[in-house]
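Numbering (my numbering), first residue to last: 1 to 71.
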(Lines of atoms letter the chains of each structure in order from A and count residues from 1; the text may use other names and numbers.)
(Lines give C-alpha, C1' and ligand atoms only; values in the text may rest on other atoms or scores of the structure.)
Protein backbone atom coordinates (compact mmCIF):
# COMPACT_ATOMS: atom_id res chain seq x y z
CA UNK A 1 0.00 0.00 0.00
CA UNK A 2 1.44 3.33 -1.04
CA UNK A 3 0.64 6.57 0.78
CA UNK A 4 -0.21 9.74 -1.11
CA UNK A 5 -0.44 13.23 0.34
CA UNK A 6 -2.57 16.13 -0.94
CA UNK A 7 -1.82 19.75 -0.08
CA UNK A 8 -2.41 23.22 -1.47
CA UNK A 9 -0.40 26.41 -1.32
CA UNK A 10 -1.26 30.00 -2.20
CA UNK A 11 0.76 32.18 -4.54
CA UNK A 12 0.06 35.91 -4.46
CA UNK A 13 -0.04 37.83 -7.73
CA UNK A 14 0.53 41.50 -8.38
CA UNK A 15 -2.60 43.39 -9.46
CA UNK A 16 -1.13 44.06 -12.93
CA UNK A 17 -0.29 40.42 -13.60
CA UNK A 18 -3.83 39.09 -13.98
CA UNK A 19 -4.12 39.73 -17.74
CA UNK A 20 -7.48 41.53 -17.53
CA UNK A 21 -6.28 44.27 -19.86
CA UNK A 22 -5.81 41.73 -22.66
CA UNK A 23 -8.94 39.66 -21.97
CA UNK A 24 -6.88 36.55 -21.25
CA UNK A 25 -8.22 33.73 -19.13
CA UNK A 26 -6.11 33.04 -16.07
CA UNK A 27 -6.09 30.94 -12.92
CA UNK A 28 -5.64 33.99 -10.71
CA UNK A 29 -8.70 34.42 -8.51
CA UNK A 30 -9.93 36.93 -5.96
CA UNK A 31 -9.13 35.63 -2.49
CA UNK A 32 -9.48 37.46 0.82
CA UNK A 33 -5.80 38.42 0.72
CA UNK A 34 -6.08 39.78 -2.85
CA UNK A 35 -5.24 38.31 -6.25
CA UNK A 36 -3.88 34.81 -5.81
CA UNK A 37 -3.48 31.38 -7.37
CA UNK A 38 -3.40 28.08 -5.53
CA UNK A 39 -1.30 25.07 -6.41
CA UNK A 40 -2.93 21.76 -5.39
CA UNK A 41 -0.44 18.89 -5.42
CA UNK A 42 -0.35 15.15 -4.79
CA UNK A 43 2.94 13.71 -3.54
CA UNK A 44 4.03 10.13 -2.95
CA UNK A 45 5.33 8.77 0.36
CA UNK A 46 8.82 10.13 -0.43
CA UNK A 47 7.48 13.65 -1.06
CA UNK A 48 7.93 13.51 -4.83
CA UNK A 49 5.19 15.25 -6.84
CA UNK A 50 2.80 13.00 -8.74
CA UNK A 51 0.23 15.46 -10.10
CA UNK A 52 -0.75 19.10 -9.60
CA UNK A 53 -3.47 21.60 -10.52
CA UNK A 54 -3.39 25.39 -10.55
CA UNK A 55 -6.64 27.16 -9.65
CA UNK A 56 -7.82 30.52 -8.39
CA UNK A 57 -6.76 31.37 -4.84
CA UNK A 58 -10.30 31.11 -3.49
CA UNK A 59 -10.68 27.40 -4.40
CA UNK A 60 -10.35 24.99 -1.45
CA UNK A 61 -8.28 21.81 -1.66
CA UNK A 62 -11.35 19.67 -0.81
CA UNK A 63 -13.02 20.68 -4.09
CA UNK A 64 -10.28 19.03 -6.18
CA UNK A 65 -9.24 16.20 -3.82
CA UNK A 66 -11.25 13.50 -5.68
CA UNK A 67 -9.74 14.58 -9.01
CA UNK A 68 -6.21 14.64 -7.60
CA UNK A 69 -6.60 11.28 -5.86
CA UNK A 70 -7.85 9.64 -9.08
CA UNK A 71 -4.74 10.66 -11.05
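Cβ atoms here follow ideal geometry from the backbone N, Cα and C, with glycine treated the same way.
If you follow the alpha helix (DSSP H) that residue 53 is part of, which residue opens it and which one closes it? From DSSP, residue 53 is part of no alpha helix (DSSP H) but of the beta strand (DSSP E) over 49 to 56.
Contact defined as beta carbons within less than 8 Å: I believe residue 11 pairs with residue 36. What is the distance between those atoms, to the nearest angstrom? 6 Å
For residue 6 and residue 68, the rounded distance between their alpha carbons: 8 Å
Beta-carbon gap between residue 42 and residue 4 smaller than 8 Å: yes
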